[in-house]
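K.L.:
Residue numbers (this note's numbering), protein chains in the order written: chain A, 1 to 124; chain B, 125 to 521; chain C, 522 to 766.
Glycine included, C-beta positions come from ideal geometry on N, C-alpha and C.
Keep in mind that this is a model prediction, so the values were computed, not measured.
1) Taking residue 188 of chain B as the query, report the chain C residues whose CB atoms sit under 7 Å from its CB, ordered along the chain.
2) Where does residue 102 of chain A land, buried or exposed, given buried means 16+ other C-beta within 10 angstroms?
3) Quick one: what's got a C-beta closer than 6 Å to residue 217 of chain B's C-beta in the same chain, skipping five residues either side?
4) So with CB distances below 8 Å, who are the chain E contacts of residue 67 of chain A?
5) Counting only Cβ-Cβ distances shorter than 9 Å, please list the residues of the region 42-62 of chain A near chain C, keeping chain order.
6) Who are the near neighbours of residue 232 of chain B in its chain, counting only those whose CB is closer than 7 Å to its CB and skipping five residues on each side?
7) Distance check for residue 266 of chain B and residue 497 of chain B, CA to CA, integer angstroms please.
8) What residues match up with residue 572 of chain C in a beta bridge as DSSP calls it?
9) Tell whether a beta-carbon distance below 8 Å holds between residue 632 of chain C and residue 646 of chain C.
10) Give the straight-line distance between the Cα atoms of residue 63 of chain A and residue 707 of chain C, rounded to the nearest whole angstrom.
11) Give a yes or no on whether the minimum CB-CB distance between residue 694 of chain C and chain B is below 8 Å.
12) Where residue 566 of chain C and residue 160 of chain B are concerned, what is the direct C-alpha to C-alpha distance, given to the nearest angstrom?
13) Just checking: is the beta-carbon of residue 91 of chain A within a distance shorter than 8 Å of some beta-carbon in chain C?
14) Return the residue from the list C:559, C:686 and C:663 that minimises the CA-CA distance to residue 597 of chain C.
15) What in chain A is Cβ-close to residue 782 of chain C, meaning under 9 Å?
16) Helix, strand or coil: which one does DSSP assign to residue 506 of chain B?
17) What first and last residue would you give for the beta strand (DSSP E) that runs through residue 622 of chain C?
18) Any Cβ of chain C within less than 8 Å of the Cβ of residue 324 of chain B?
19) Between the C-alpha atoms of residue 502 of chain B and residue 508 of chain B, what's the straight-line distance to the nearest angstrom?
20) At which residues does the beta strand (DSSP E) containing residue 771 of chain C begin and terminate?
21) What distance in whole Å lies between the Cβ atoms of residue 694 of chain C and residue 624 of chain C, which are believed to be in contact at a cut-off of 8 Å?
22) List the residues of chain C whose Cβ lies closer than 7 Å to the Cβ of residue 160 of chain B, in chain order.
23) Can you tell me whether DSSP reads residue 315 of chain B as helix, strand or coil?
24) Closer than 8 Å, CB to CB, is residue 686 of chain C near chain B or not?
25) Would you mind working out which of C:740, C:610 and C:672 sits nearest residue 753 of chain C, comparing C-alpha positions?
26) Spatial neighbours of residue 259 of chain B within its chain, please: CB distance less than 8 Å, with the 5 preceding and 5 following residues excluded, ordered by chain position.
27) Chain A partners of residue 691 of chain C, CB-CB under 8 Å?
28) Expressed to the nearest angstrom, what Euclidean distance is found between the alpha-carbon atoms of residue 766 of chain C and residue 627 of chain C?
29) Quick check for students: name the residue ranges of the beta strand (DSSP E) that lie wholly in the region 252-277 of chain B, counting only runs of 3 or more.
30) With 9 Å as the limit, tell me which residues of the region 595-614 of chain C have their beta carbon closer than that to any beta carbon of chain B; keep them in chain order.
31) Kindly indicate if chain C contains any beta-carbon less than 8 Å away from that of residue 155 of chain B.
32) Please report the distance separating the alpha-carbon of residue 330 of chain B from that of residue 417 of chain B.
33) Does residue 115 of chain A come within less than 8 Å of chain C when only Cβ atoms are used?
34) How would you label residue 185 of chain B, buried or exposed, when you count the other beta carbons within 10 angstroms and need 16 or more for buried?
35) Scan the region 694-710 of chain C for residues whose Cβ lies nearer than 9 Å to a Cβ of chain A and list them as they occur along the chain.
36) In the structure shown, what three-state DSSP assignment does residue 468 of chain B receive?
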C-alpha cells in the first residue's frame, strides 16, 4: 500500500516538474490584437462569456433586442485575427482556447466566424 | 398438470453468437449510414424539401406502432384475464420495449441535429402532438419495464394487474397520439382526419400481434417445441379479426374521403394513377397485408407455418401502409391555390418524386436489428419463453 | 413606455399618414416608412408586421425579389431545386376555368396562428410579439414536422453544410428555416430586401408595414381594397395578403 502511494506521489511530482517546463504543455494562443477594454472584466469573460452570449442570443432572437455589448458579431469583429480574418483556425481567438479546454462550441455550424459584410438594410 | 418445462435457452451457443453477429452487422450498416447522413447532410439521401420524411420514418413509425400493438398480448392476459395470453405477457412486454427502442433510434438518427437530442428532452412545446408523443414514449418505457418486473418477480406479482391496466391505457393513448401526428396536419389532403388516430390503433393491433407470432414461432422452433393447436387457433383468429378491422378502417377512410369533392383528386391519385403509391396501396397494403393473410388463416388446414407466413405478410403490408401514408401523402402536391394550375421553382403543383438511397433502408433495417438484438439477448438471459398451463387451458374449453 | 417614445410614435404616425397620402395620389408608393425601435427595447404586440402583394403589378418571369432575398440572406443561387433552400419563390398561376394568368411571390405568410409553431416539439418555431414567425436554430432538432404542417411550403431544410453565411443571418446544416421578413433589417427600421428590390425594379408590387397602425400605408390599403389571404379556409390570420387573386 505504502509502495503504491509512494509511486503515485513520485509520478505526480514528475508530471508537475515536466508540466512546468516550457513547451511541453501546449497553451492556447490568446492574441489580443486590438488594444482597449473588453465589454466585461477579463475574469468575467473567461468564466462567463458563454452565459453572456446565450442570454444575448435569446434576447435578440425572441425579443429583437440588438444591443451590441454582448453580441457575438461584435466579439468576432474585435477578436478576428488580422492575418486570417477569422476567430477560428489553429491560433484563432475562439478555437485555440476551445481546443485547449477540449470544449467544442456549436456556434460555427451556423454563425459566420469572419467579420464584415454589413447588409444593405443594417444601420451603421 | 403438465406445465411445459422451461427449456434451457442457453443451449446452442454458436447459433446464439451467430444471431448476434448477424444483427450486429445490420446495426453497423445503420450506424455507417447515420454517420454519412450527418456528415454530408441530408443532401445525400433521397429526401428533399418536398418529401421531408422518407424511408427511415416508414420503418420508425411502423416499429413504434407495432411496439404499442405487441403489448396487447399482455393486456389481454392481465386486463381481460385470459391465461393463454397471460403466459405470453412477459414476452409481449419485452418485444414492446425492444421495438419501441428500435423505432425511436431510427427516428433520432434521421434528425437534422441528432446531437441535440438532449434539447428535445428538455424543451417542450406542450401544444405539439410530437412533444406529447415523446413523453408518451418515455412513459411507455418506464411503465412497461415496471410491468415486466411485477410479472417476473414473484414478490411483486400482486401489482402486475394494476400496472397492466396502466400499460394498456397508456399504449392506447400513445397510439392515438402517434396517429394524430398525421391527423393534425390540416393543410395536406392526405392527412387532417380524426380517423387516423383510431385507425392507427387498429393497425397497431394487427402489426403487433403479427410481430409477436413471428418471434414466438422462432423461439418455439429454436427450442424444438410445437405450439399447442388450441393456442394457435386462438391467436390466428385474433390476428384475422385485427387484419379485417384494419381493412375496414382503411375502406371507411377512403370512402369518406371520396365523399368530399375537394378530395377527389387525392383519392384518384392514390387509388388509380399514383404509380408506385397506388401499387403499394393495392398490392402491398390491401393484398399482401390484408387479403392474403386472411386467406392463409381461414383456408382449411392452417398449420403453424402458414399462420407465421400470414404474420410475415401482415408485417410487409404494414410497411407498405406506412409508405403509402407517409410518403404518398407528401408526394401528392400540396394545394395552395385551389382551382389554379401552378408552376414554380419549388415543385409546386407536381407529384413529388422520391428515390430512397440504400442508406435510408440501412437505417430502417438497423431499427429492426436493434429490436432483434435486444430480444435475442433478453430471451437468452431471462425467462421469456411462454409457460403454458395446459390443464387450465383444457378446463376452459 | 417612455415619454420620448410616445413622441416618436406620434411623429411616426404623422410621417406615415403623410406617406400614405403621397401613396394614394399617384397610386404608387416607394418604400414604407417603418418605425425604428431602439436597439435595447423588446418588440411588442402593438406592432403587427405585414405585407401586401399586388399581383396585378407582379410580372411573370421577374425574379428580382427572389434574387434580393438570396443575396441578403446568404442563400446560394438555386442549383439543386430539390434540396436548396428557397425562402421566397415565384409561382405562376393559371385559373383552370377561365385561363386567367397571374404571377406572385410566395413565402412564409407569418400567420397569427401558425401551424408550424403548434407542431414544433421543442418550441424552436415561434412567433415574435410583432407577428414575425421565426425558427430558433439553437433548439431546432431538424425533425421537419413544421414542413409537414405548413400549408404554404414556406420552409426549407438545410441539406448541406454552409460556410458563406451573412453574419447577420446565421444558418447551417440540419435545421429548418424560412422567410424572416428580414427581421435583422426590420428591427433597425429597414424593410425586407424583396420589397426594396421590387420597388427598385419599378414594379412596386410589394408593400411592407405595420398592419396595426391605422395610419400606415398597408393598413389603409387593406382597408380600401379587397385583399385575399391564401387558404383563408384554414383561418390562420395571415400577415401576408394578396391583391388581385
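P.N.:
Quick answer:
1) Simply none; closest approach about 14 Å.
2) Exposed: under 16 other Cβ atoms inside 10 Å.
3) Correct list, in chain order: 198, 268, 271 and 272.
4) Absence of chain E from the displayed structure is noted, the protein chains being A, B and C.
5) Residues 54, 57, 58, 59, 60, 61 and 62.
6) Hits under 7 Å: 238 and 241.
7) Looking at the two C-alpha atoms, the distance is approximately 20 Å.
8) In the DSSP secondary-structure assignment, residue 572 of chain C is bridged to C:729 and C:761.
9) At a Cβ-Cβ threshold of 8 Å, residue 632 of chain C and residue 646 of chain C do not count as neighbours.
10) Taking the straight line joining both Cα atoms gives about 13 Å.
11) With a threshold of 8 Å between beta carbons, residue 694 of chain C makes contact with chain B.
12) Cα to Cα, residue 566 of chain C sits roughly 44 Å from residue 160 of chain B.
13) Not an interface residue.
14) Looking at the Cα atoms, C:686 is the closest of the given residues.
15) A question about residue 782 of chain C goes unanswered here, because the residues of chain C that appear run from 522 up to 766.
16) Under the three-state reduction of DSSP output, residue 506 of chain B falls in the coil class, being neither helix nor strand.
17) Taken as a continuous stretch (DSSP letters only), the beta strand (DSSP E) holding residue 622 of chain C covers 622-628.
18) Taking Cβ atoms only, chain C never reaches closer than 8 Å to residue 324 of chain B, which makes this a no.
19) Spanning the alpha carbons of residue 502 of chain B and residue 508 of chain B requires a straight line of approximately 8 Å.
20) This structure does not reach residue 771 of chain C, given that chain C is present from 522 up to 766, and the question cannot be answered.
21) The distance from the Cβ of residue 624 of chain C to that of residue 694 of chain C is about 32 Å, inconsistent with a contact at the 8 Å cut-off.
22) Correct list: empty, because the minimum Cβ distance to chain C is about 13 Å.
23) Residue state, collapsed to three classes: coil.
24) No Cβ of chain B is located within less than 8 Å of the beta carbon of residue 686 of chain C.
25) Of the listed residues, the one whose Cα sits closest to residue 753 of chain C is C:672.
26) The residues 248, in chain order, have a CB closer than 8 Å to that of residue 259 of chain B in the same chain once the five nearest residues on each side in sequence are set aside.
27) In chain order, 110, 111 and 112 make up the part of chain A whose C-beta sits under 8 Å from the C-beta of residue 691 of chain C.
28) Their backbone Cα atoms lie some 13 Å apart in a straight line.
29) Entirely contained in the region 252-277 of chain B, not one beta strand (DSSP E) run reaches 3 residues.
30) From the region 595-614 of chain C, only 599, 601, 602, 603, 604, 605, 606, 607, 610, 611, 612, 613 and 614 have a Cβ closer than 9 Å to chain B.
31) No - not a single Cβ of chain C is within 8 Å of the one on residue 155 of chain B.
32) Their backbone Cα atoms lie some 11 Å apart in a straight line.
33) Flagged as an interface residue toward chain C: residue 115 of chain A, by a C-beta distance shorter than 8 Å.
34) By the neighbour-count definition (other C-beta atoms within 10 Å, threshold 16), residue 185 of chain B is a buried residue.
35) Hits within the stretch, in order: 694, 695, 696, 703, 704, 705, 706, 707, 708, 709 and 710.
36) Three-state result, residue 468 of chain B: strand.
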